[in-house]
Amino acid sequence: MNPIANAPVFQAATAAAAAAAAWLNTPGKEDSEEFVVPNITESSQWAMEEAGFLDGEIQRTVRSNEDYGEYPRYGWVDITKEFFEACAELNLGELAQDMLFGLFEAMSAIEMMDPKMDVGMGYNKNDALPHTFESAVEAGVLKLDNLSNEELIGTFDALFACIVSWLEGNSMDQVLFTCLYLHQPSSIKDKSLRSFCHAIRNLIVIIKNIIIISSVNEEEDFQLYGNSSFLAAEDCQPTAVPTQLKEAEDDLVRISKTEKQPESTMAVVHRLRFMRHFYQSIFQFDCVMASAPTESSMNEIYKNLNASLELIPQIKRSIEKGIQPIPNSDSPNPIGFSPRIHDRSQPPTFPRNVKIRDRPTSIQFLEDLVHRLKYACKVVRLRDYYSALNFFIEFSKKSGQCVLSRSVLQGLFISNRRLIFGTIPIKDFLWDSVRAFNSPPVLNPKHPLASDPKIQMHLDTFFRYCISLNTFTQFIRICGFNRARQRDKLARFVDSFDSIQVEAARLDSHMTIMANEKAAEGNEAHATALKHSSQFATWVLYNCFRAMLLYLMSGFELELYSVHEFMYIYWYPHELLISFMISALTRTENNLLVQEEYAEHQSKLQGINSKNRKPKLKKNKKQQKPYRQEIVYYHALSNMCGGFYKALGALTKDGRIRQPMPKFDNEEIRFNRRFVPFATLTSPPPVSYGEFKNIREHMMRPPSSEIYAIAAKHFDQAKNVLESIQNPEQEVI
8 MNPIANAPVF QAATAAAAAA AAWLNTPGKE DSEEFVVPNI TESSQWAMEE AGFLDGEIQR
68 TVRSNEDYGE YPRYGWVDIT KEFFEACAEL NLGELAQDML FGLFEAMSAI EMMDPKMDVG
128 MGYNKNDALP HTFESAVEAG VLKLDNLSNE ELIGTFDALF ACIVSWLEGN SMDQVLFTCL
188 YLHQPSSIKD KSLRSFCHAI RNLIVIIKNI IIISSVNEEE DFQLYGNSSF LAAEDCQPTA
248 VPTQLKEAED DLVRISKTEK QPESTMAVVH RLRFMRHFYQ SIFQFDCVMA SAPTESSMNE
308 IYKNLNASLE LIPQIKRSIE KGIQPIPNSD SPNPIGFSPR IHDRSQPPTF PRNVKIRDRP
368 TSIQFLEDLV HRLKYACKVV RLRDYYSALN FFIEFSKKSG QCVLSRSVLQ GLFISNRRLI
428 FGTIPIKDFL WDSVRAFNSP PVLNPKHPLA SDPKIQMHLD TFFRYCISLN TFTQFIRICG
488 FNRARQRDKL ARFVDSFDSI QVEAARLDSH MTIMANEKAA EGNEAHATAL KHSSQFATWV
548 LYNCFRAMLL YLMSGFELEL YSVHEFMYIY WYPHELLISF MISALTRTEN NLLVQEEYAE
608 HQSKLQGINS KNRKPKLKKN KKQQKPYRQE IVYYHALSNM CGGFYKALGA LTKDGRIRQP
668 MPKFDNEEIR FNRRFVPFAT LTSPPPVSYG EFKNIREHMM RPPSSEIYAI AAKHFDQAKN
728 VLESIQNPEQ EVI
């Protein structure tokens, strides 16, 4: 038995509906001018049994308990004027709250009143159905042959705009496949248009594949779903697309030579040529990500990207030569598009109102995209984790909004999670990265200790543990997401460094014990080498500090902090985090210098020719300060944070920073929530709110004028440090 059908409320409602239906079917009802409730006695009432339910006694009991006053009798009143007068009292972004109308109801009302949430938006009953490819051809509104140059230019530019809109996160059904030419390109007789549409269709498949493999996209970045039936295989294979485009180009070039004014024909040629080079570069990226980036393949990609860039200025100059969109129309082009063809095939909650980019900004986007792809190719030159991480962080700051370039970068670096650049095992990559970072002698294959089986066992255990946790490769991958998602993922990721810190400390401890054993045996050279190997924990800690600093600073970029929170946000990196980073880098540089001095001492003992040694030593001395510029940068950043921290303290003391109402505020809860991702870490040790409060109270004891002076001193020190950088145009990190 259906539990819903036997619910008392449901039974009562059904009986009421049956009674109303019976009254509406009463003869003479049509002649009545107004609704009059008849005087129905108990004996003449419709029994609930007649509504299809068995237990009439229960139903009558339920009905007798009903409160007929709860059913309102509507008398609609126009409250538009009163409503707007009441709304005038609200500030921008402020919502009215009532016992029965809270935030949930307000947001639901906003969503329901948004036109883009309406299924079939914009349709009237008298509107004709949107054209499909077949109906448009039959009606004669879709030209398949004899298109003018102006029509080809306009259609190509509209398709460029659709590609850009798709890459910005819109559904392919609502942007790309509103172009009817893409539905059946094999039916197009015009050679240029047919080859261009084949290229677009294959480009869609390749781009989707790149983004899926790289897996650094979120739902707001890119819509993977769409009507895949339109992408069914036709008579054009991906490898045949460049040939078709080249044939169409050559035909038009021959025609242009016979024309008196070939500018419009050459404008079509430039678009076909751009599509050919751009398509080849994206196709080659896909092939490289599936195998490994070789020098020849990367050179070919560079060649095609440079050729694409050379054509952009000519395309920009000829945008006005094509047919332009009709003003106030949803269609990006007067011919070949049916904007509403997929409106009713989308789910009701899907965004309905899609604004396709205009043509000039779309071409500019493609130009910027090609520049980003060229820059992403530089990652194949990097051979250590430190350089790769810096590159990914820098790329994210400059190009983090472009999902395709982020995906290409990620795919070039590590398409297979177990192989870097498709060929290097992660263990070897991390091994070389530690060696490049602080050069422990035990990782040098030429050192006698490199063949010690006991040392190798400890090293293999450590690097296998790093690989099993996937922490370092995951850090690189997080830097490939958009900026907002990076912060969200870093919050859950930072604590994974804790177990690696423990393992690195254990490895350093083993090395220290073995150094003491070697010293006891009288082997001072091996003992010294093992002492200098205590840099594994420093390497792990440095990368952990980088993740923590990225997390904190991203809050400013995303505008997540309130002004009254700035004080402890600036205090944490100034007092703790940046100091630890400077200490780690300084310790690494000092160890490199000690190793250099030890190597020089060994060279003297072995009697190496002084003429060959002196210039080499000079060169080494220059190279053994690889982190000096980064240390200088962090000193400046620490002073900037300190200056803001002290200045905010003085402003707060003067009452110039608006504080939340005490009734609704608990600073300790806010403090703990801001730093909760760091709570489980062993190093740096977690800092309680009580410690921060004591430090802040001590800082704010002097008069505000003195605190302002201290803040100004911090800013002045930061200025002096930044001015001391020798190459200010060069990226530091």
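Residues 8 to 740 in the working numbering are what the sequence shown lists, from first letter to last.
We put the CB at the ideal spot given by N, CA and C, even for glycine.
These figures come from a predicted structure and were not determined experimentally.
- With 16 or more other CB atoms across the displayed protein chains lying within 10 angstroms of its CB, residue 579 is buried.
- Sequence-distant partners of residue 293 (beyond 5 residues in either direction) whose C-beta falls short of 8 angstroms from its own C-beta, in its chain, are 213, 216 and 217.
- The Cβ atoms of residue 644 and residue 702 lie no closer than 8 angstroms to each other.
- Of the residues 502, 583, 541 and 514, the one whose Cα lies closest to the Cα of residue 551 is 502.
- Only residues of its own chain outside the window of five on either side were considered, and among them 176, 410 and 489 have a CB closer than 8 angstroms to the CB of residue 228, listed in chain order.
- In the structure shown, residue 344 falls within a strand segment according to DSSP collapsed to helix, strand and coil.
- It is roughly 7 angstroms from the alpha-carbon of residue 278 to the alpha-carbon of residue 322.
- DSSP, reduced to helix, strand and coil, places residue 86 outside both helices and strands of the structure shown, so it counts as coil.
- In its chain, beyond the 5 residues on either side, 574, 577, 578 and 581 have a beta carbon closer than 7 angstroms to the beta carbon of residue 652.
- With contacts defined as CB atoms closer than 8 angstroms, residue 286 and residue 320 fail to qualify as a contacting pair.
- Closest in C-alpha terms to residue 390, from the list 527, 438, 658 and 642, comes 438.
- The Cβ-Cβ distance between residue 469 and residue 393 does not fall below 8 angstroms.
- The region 398-405 and the region 481-497 touch, with no fewer than 3 CB-CB distances between them shorter than 8 angstroms.
- Distance from the CA of residue 687 to the CA of residue 476, rounded to the nearest whole angstrom, comes to 17 angstroms.
- Excluding sequence positions up to five before and after residue 515, its CB lies within less than 7 angstroms of the CB of 541, 543 and 544, all in the same chain and listed in chain order.
- Secondary structure at residue 428: coil, using DSSP grouped into helix, strand and coil.
- Under the DSSP assignment, residue 249 falls in the alpha helix (DSSP H) whose first and last residues are 248-263.
- Counting along the chain, residue 293 sits inside the alpha helix (DSSP H) bounded by residues 270-297.
- No residue range can be given for residue 139, since it is assigned to no alpha helix (DSSP H) and is classified by DSSP as neither H nor E.
- Taking a cut-off of 8 angstroms on C-beta distances, the region 250-269 touches the region 200-211, as three or more cross pairs fall below it.
- For residue 560, the enclosing alpha helix (DSSP H) starts and ends at 543-564.
- A contact is defined here as three or more CB-CB pairs under 8 angstroms, and the region 135-143 meets this definition with respect to the region 335-349.
- Assigned with DSSP and collapsed to three states, residue 515 falls in helix.
- Annotation for residue 339: no alpha helix (DSSP H) segment contains it, and DSSP assigns it neither H nor E.
- Within the same chain, no Cβ atom closer than 6 angstroms to the Cβ of residue 371 is found once the five residues on either side in sequence are excluded.
- Rounded to the nearest whole angstrom, the CA to CA distance from residue 692 to residue 583 is 9 angstroms.
- Of the residues assessed, residue 661 falls on the exposed side of the cut-off, its CB having fewer than 16 other CB atoms within 10 angstroms.
- 170 is the residue among 197, 376, 415 and 170 whose C-alpha sits nearest the C-alpha of residue 184.
- Residue 95 has its alpha-carbon roughly 59 angstroms from the corresponding atom of residue 245.
- Counting only residues of its own chain and dropping the five nearest sequence neighbours on each side, residue 685 has a CB closer than 7 angstroms to the CB of 501, 555 and 693.
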